[in-house]
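Encoded as structure tokens, the structure appears first; notes follow it.
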Amino acid sequence: MKIARVLLLLTLAALPALSRAQSSVGLDPAVLLKPLADNWPTYSGDYTGRRFSSLTQINRNTVKNLTLSWVTRLNGTAGSPQTILGGVGSGESTTVNVKGFVLYFDDTLYVTSADHVWALDARDGRLLWHYFWRTRGGTHTGNRGVAMWHSYLFFETPDDYLVSLDARTGKERWHVEIADFEQQYFSTMAPVVVGDHLLVGTGNDLDAPGFLQSYDPETGKLQWKFYTVPMNPGDPGLDTWPNLDAARHGGGQVWIPGSYDPETKFYIFGTGNPTPGYTGVGRKGDNLFTCSLIAVNVDTGKMAWYFQTSPHDTHDWDSTQTPVLIDGVINGRPRKLVSTAERNGYFYTLDRVTGEHIVTAKYGSTTNWVKSIRPDGVVEIDPLKEASIPGSLVSPVESGVTNWPPPAYSPDTGLFYVPEHNGFNMLYLTDPDPRGSMGLGGKSVSGVGSAGDFLTAIDYKTGRIAWRKPISGGGVGAGLLATAGGLLFAGDGSGNLMALDSRDGKPLWHTRIGNASNAPETYLLDGRQQLLIAVGDTLYAFTLY
Amino acid sequence: MRLKIVLFVSSVLLLACAVLQLDAQRGARGAAPGAPTQGFPAQQRPPGDATLISRGNTLYGIHCRSCHGADLRGGEQGGPNLLRSEVTMNDQSGELIQPVIREGRRNTGMPSMPAIDLSTDDIRAIAEYIHSILATARGQGNPPPGPPVTLNVLVGDAGAGRAYFESKCSGCHSVTGDLRGIGSRFANPSQLQNLWVAGGAGGRGGGTTPITASVTLRDGQKVQGRVIRSDDFTIVLEMADGTSRSFRREGDVPKVEIHNPREGHIKLLSGYTDKDIHDVTAYLVTLK
Chain A
831 MKIARVLLLL
841 TLAALPALSR
851 AQSSVGLDPA
861 VLLKPLADNW
871 PTYSGDYTGR
881 RFSSLTQINR
891 NTVKNLTLSW
901 VTRLNGTAGS
911 PQTILGGVGS
921 GESTTVNVKG
931 FVLYFDDTLY
941 VTSADHVWAL
951 DARDGRLLWH
961 YFWRTRGGTH
971 TGNRGVAMWH
981 SYLFFETPDD
991 YLVSLDARTG
1001 KERWHVEIAD
1011 FEQQYFSTMA
1021 PVVVGDHLLV
1031 GTGNDLDAPG
1041 FLQSYDPETG
1051 KLQWKFYTVP
1061 MNPGDPGLDT
1071 WPNLDAARHG
1081 GGQVWIPGSY
1091 DPETKFYIFG
1101 TGNPTPGYTG
1111 VGRKGDNLFT
1121 CSLIAVNVDT
1131 GKMAWYFQTS
1141 PHDTHDWDST
1151 QTPVLIDGVI
1161 NGRPRKLVST
1171 AERNGYFYTL
1181 DRVTGEHIVT
1191 AKYGSTTNWV
1201 KSIRPDGVVE
1211 IDPLKEASIP
1221 GSLVSPVESG
1231 VTNWPPPAYS
1241 PDTGLFYVPE
1251 HNGFNMLYLT
1261 DPDPRGSMGL
1271 GGKSVSGVGS
1281 AGDFLTAIDY
1291 KTGRIAWRKP
1301 ISGGGVGAGL
1311 LATAGGLLFA
1321 GDGSGNLMAL
1331 DSRDGKPLWH
1341 TRIGNASNAP
1351 ETYLLDGRQQ
1361 LLIAVGDTLY
1371 AFTLY
Chain B
587 MRLKIVLFVS
597 SVLLLACAVL
607 QLDAQRGARG
617 AAPGAPTQGF
627 PAQQRPPGDA
637 TLISRGNTLY
647 GIHCRSCHGA
657 DLRGGEQGGP
667 NLLRSEVTMN
677 DQSGELIQPV
687 IREGRRNTGM
697 PSMPAIDLST
707 DDIRAIAEYI
717 HSILATARGQ
727 GNPPPGPPVT
737 LNVLVGDAGA
747 GRAYFESKCS
757 GCHSVTGDLR
767 GIGSRFANPS
777 QLQNLWVAGG
787 AGGRGGGTTP
797 ITASVTLRDG
807 QKVQGRVIRS
817 DDFTIVLEMA
827 DGTSRSFRRE
837 GDVPKVEIHN
847 PREGHIKLLS
857 GYTDKDIHDV
867 TAYLVTLK
């Protein structure tokens, strides 16, 4: 084992000597302010959430020549000599499923699955190191990726730790507990670096309050904590709950990274569903600030504005979709905008400086739960479409018209792209207790069909649908990538990774590698544009030669 | 059933660990056989002493139940739900619950709780009882299963359901033909309702009738079969003899016609009101 390590270190030192030397400097947070191109250094590639790469080598003409560069299967056991064990528990979760983003910087890929981080050489997919967190338990639903600040990495664990690693070696620097495991929080979010802030969210299904926290990336010390529901008498939004106890158990978890506007210093993110999820009887009111888009000043942790995309949600439709920052034109005037296509089937465009409402539009073809739209653009739930004893026919299903997998936006086409699922459920109330149930309890559902799955292109100015492309096998499962090469990359539900024309959705290239489990990414390596995708435990890198 | 799953998972883990122990390297690193990789502390807690829990149950009934409810989920007098309480969930053996019971609680904005004079042993028993209930809570925040409740799904008007059926359904279905006796085929009316709304209750398209396709080849030959997979690039059919055949697709070539027997039902999904659904169900259950 020692010999293997020495050999590994020698190889590392000898081959890419130049770039390794640069990696000691690491990732300057200022790099994250640049538009997405050579690197993929943060969750959405850059702070805009557009997932629009300015790389053009792979384009409408050349994509037909895209070819496999390498394949790597990740190993989640502690068996390899490169494995570094950490964790405060003793459980070993060896399941590997890449369901987040892969960070690419300085010729290296950093990949995660719940409890695992792997560093790979981006040239050939070779394993550099593997960090394995031994767990106390918790909900192992996935991990959405790492954050990088200089030469340090950060990731969250299902048992609620924020762990910092040395990016060069995978050795642990520190770990801090970020949420109360006893209250059944579990943590999946990819942390987000903004300057000297490390933004961290977490999840919970059992009626606990949601929050976003900022940590010092050097020391792991808490800088601020922003609760998404009222926690004390006099807190804003308390009048949208029947009482403080309901608010303090009201959910609104923060489990998907937001976007960041450097001019206003606003971090803009979505919050999860109110709890109890399906039985709203004990939480009458709009339930602020659950299912909302929120702008928080990243230095102070104070809320600048909010817009509620699903008041008093009773369908578990978290508003935790990636907000997309668009510098656009509305009525002939340049505007700083934010757009979001929500799990509840509605698309919104707001002014991202003021939170002023501009567009509310239904994009879920069969979405049927809204009674009316208020003058301020907020939708009003139809109580008849809540869980009922004789059953209510509801579209979309629990997982929504879309879900956490990211949308994309191309400034070249002016179109916002999002996966659209139009399933129907019969939704039954099984716990008519006047106190409501707990968590996601008190209901049963039965899927009764789908009116189709699409990749849908939306005009952000109006919310009008430009086109819908039917997607087979249950639709786009894992998010999108748009490029200045005029392409849109997406996986369908039949195992194909596809390159589509971003103007009309026409397929230009495909390869059948299995259903993508994370969204496609692109970056530049040795002067060549690469395309990266994960299918469960396996990574595929494509390029042009 | 949950216990069975836990036992099964535990034995799989034990077996997996035993196998991995053969790997000298792993053995040296010290695997922990059977250590949980899922679940939260409340569910991982070893079962408490039955006598203590039983005493705790009695004491809870006397001192706590009127405010916190028989099921611990809160009561009419405003006592909070103890199954989602920061105090009870963080408590190990009464140490966090004790000060709340002994000193009471007076929080701004919350109902106050009087101090109750109980011995340390009694408080430990109450804590043990609370933990025994917390341990039965289910995944995704679901509360422990309560006593069974009878819910009446049949609220519809069978007469209106019959009228709806005759105007919208009888083109494909017949109550004396494919749906004969459908009301006695299901023990539970919600099962029947789910199945007919989905288009799986009978009829031309019902039950297990598969999706089929016909592919028209360049030479005009038509190939038909059950659809195994159909995407933008390939269609795979199962032939009558059980073999499969695939065809490359380039846009509209070759011509592919898909026959989904449930297409009619999928179209109806956007048209039903919930009342239509409940009425039709009320009618169908009468077809014994």
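Protein sequences appear in the order of chains A and B.
FYI, the numbering for the first sequence is 831 to 1375, going by this note's numbering.
FYI, the numbering for the second sequence is 587 to 874, going by this note's numbering.
Every residue, glycine too, gets a C-beta built ideally from N, C-alpha and C.
(request) Compare the C-beta of B:V838 with all C-beta atoms of chain A and state if any pair is closer than 8 Å. (result) According to the sequence provided, residue 838 of chain B is Asp. The question's Val does not apply to it. Interface flag for B:D838 against chain A is unset, since no Cβ pair is found closer than 8 Å.
(request) For B:Q607, decide whether its Cβ has a neighbour in chain A, counting only Cβ atoms nearer than 8 Å. (result) Note that B:Q607 has pLDDT 35, beneath the 50 cutoff, so the model's placement of it is unreliable and the number below is only indicative. Not one chain A Cβ lies under 8 Å of B:Q607.
(request) Look at the Cβ atom of B:L854, then the Cβ atom of B:G767, and state whether they are nearer than 8 Å. (result) No; because the gap between Cβ atoms is not below 8 Å, this pair is not in contact.
(request) Would you mind working out which of A:S1332, A:P1220, A:L957 sits nearest A:N891, comparing C-alpha positions? (result) Nearest option by C-alpha distance: A:S1332.
(request) Measure the C-alpha to C-alpha separation of A:V1111 and B:M699 and round it to an integer number of angstroms. (result) The straight-line gap from Cα to Cα measures roughly 24 Å.
(request) Please say whether A:E986 and A:L992 have beta carbons closer to each other than 8 Å? (result) Against a cut-off of 8 Å, the Cβ pair of A:E986 and A:L992 comes out as a contact.
(request) Out of A:L885, A:V861, A:H1251, state which residue places its alpha-carbon closest to the alpha-carbon of A:A1314. (result) Residue A:L885 is the option with its Cα nearest to A:A1314.
(request) Can you pull the chain A residues whose beta carbon is under 9 Å from the beta carbon of B:A773, in chain order? (result) Against chain A, the beta carbon of B:A773 has no neighbour under 9 Å; the closest one sits roughly 15 Å away.
(message) Going by beta-carbon coordinates alone, are A:G1253 and A:G1277 separated by less than 8 Å?
(response) Less than 8 Å divides the Cβ of A:G1253 from the Cβ of A:G1277.
(request) Just grab the DSSP bridge partners of B:H649 for me. (result) Residue pairing by DSSP places B:H649 opposite no residue, since no beta bridge is assigned to it.
(message) Quick check on A:W1085: buried or exposed, where buried means 16 or more other Cβ atoms within 10 Å of its Cβ?
(response) By the 10 Å Cβ count, A:W1085 comes out buried.
(request) For the segment 999-1025 of chain A, enumerate the residues whose C-beta is nearer than 8 Å to any C-beta of chain E, in chain order. (result) Chain labels in this structure do not include chain E; the protein chains are A and B.
(message) Strictly below 9 Å CB to CB, what residues from chain B border A:T1070?
(response) Contact of A:T1070 with chain B by beta-carbon distance below 9 Å is absent, the smallest such distance being about 15 Å.
(message) Closer than 8 Å is the cut-off here; do at least three beta carbon pairs connect the segment 672-686 of chain B with the segment 1012-1021 of chain A?
(response) A contact exists between the segment 672-686 of chain B and the segment 1012-1021 of chain A.
(message) Would A:V932 pass as an interface residue toward chain B - the criterion being a Cβ-Cβ separation below 8 Å?
(response) Not closer than 8 Å to any Cβ of chain B, the Cβ of A:V932 fails to qualify, so no.
(request) Answer yes or no: does any C-beta atom of chain B fall closer than 8 Å to that of A:V1278? (result) Chain B, which has a Cβ nearer than 8 Å to the Cβ of A:V1278, makes this yes.
(message) Along the chain, where does the alpha helix (DSSP H) containing B:D707 start, and where does it finish?
(response) Note, B:D707: alpha helix (DSSP H), 706-720.
(message) Can you tell me where the alpha helix (DSSP H) holding A:I1124 begins and where it ends?
(response) Segment 1122-1127 is the beta strand (DSSP E) holding A:I1124; no alpha helix (DSSP H) there.
(request) For B:Q810, return the contacting residues in chain A, with the cut-off set at a CB-CB distance below 8 Å. (result) Contact note: B:Q810 does not reach chain A at a C-beta cutoff of 8 Å; the least C-beta distance is about 20 Å.
(request) For A:I1124, go through chain B and note every residue whose CB falls closer than 7 Å to its CB, in chain order. (result) Those do not exist, as A:I1124 stays about 23 Å from chain B at its closest Cβ, beyond 7 Å.
(request) Compare the C-beta of A:D954 with all C-beta atoms of chain B and state if any pair is closer than 8 Å. (result) Look at A:D954: its C-beta is not under 8 Å from any C-beta on chain B.
(request) Have a look at the DSSP bridge pairing and note the partners of A:N1034. (result) A:Y1015.
(request) Please list, in chain order, all residues of the same chain as A:R903 whose beta carbon is under 7 Å from its beta carbon, the five residues on each side excluded. (result) Cβ neighbours of A:R903 beyond the five flanking positions: D1367, T1368.
(request) Please go through the same chain and pick out, in chain order, the residues whose beta-carbon is closer than 8 Å to the beta-carbon of A:L1036, but skip the five residues on each side of it. (result) Result list for A:L1036: Q1013, Q1014, T1105, M1268, G1269, in chain order.
(message) Looking only at its chain, what residues have a beta carbon closer than 8 Å to the beta carbon of B:P633, apart from the 5 residues adjacent to it on each side?
(response) Correct list, in chain order: S718, A721.
(message) Let me check one thing: in DSSP terms, what residues is A:P1249 bridge-paired to?
(response) BP columns for A:P1249 point to A:L1285.
(message) Does A:V1189 pass the burial test, meaning 16 or more other C-beta atoms within 10 Å, or should it be called exposed?
(response) Around the beta carbon of A:V1189, 16 or more other beta carbons lie within 10 angstroms, which makes this residue buried.
(request) Take the Cβ of A:Y1375 as the centre, count every other Cβ of all protein chains shown within 10 Å, and call the residue buried at 16 or more, exposed below. (result) By the beta-carbon neighbour count (other beta carbons within 10 angstroms, threshold 16), A:Y1375 is exposed.
(message) Using 8 Å for Cβ pairs, my map puts A:P1141 next to A:D1181. What's the rounded Cβ distance?
(response) The distance from the Cβ of A:P1141 to that of A:D1181 is about 20 Å, inconsistent with a contact at the 8 Å cut-off.
(message) Using 8 Å as the threshold, is the C-beta distance between A:A1312 and A:G1321 below it?
(response) Using a Cβ distance threshold of 8 Å, A:A1312 and A:G1321 do not count as a contacting pair.
(request) Find the nearest neighbour of A:G975 within the set A:S1149, A:W870, A:S920, judged by alpha-carbon distance. (result) Nearest C-alpha to A:G975: A:W870.
(message) Quick check on DSSP: helix, strand or coil for B:Y869?
(response) In this structure, DSSP gives B:Y869 a helical state, which the three-state scheme calls helix.
(request) Have a look at A:L915 and A:A1346 and give me their C-alpha separation to the nearest angstrom. (result) Taking the straight line joining both Cα atoms gives about 28 Å.
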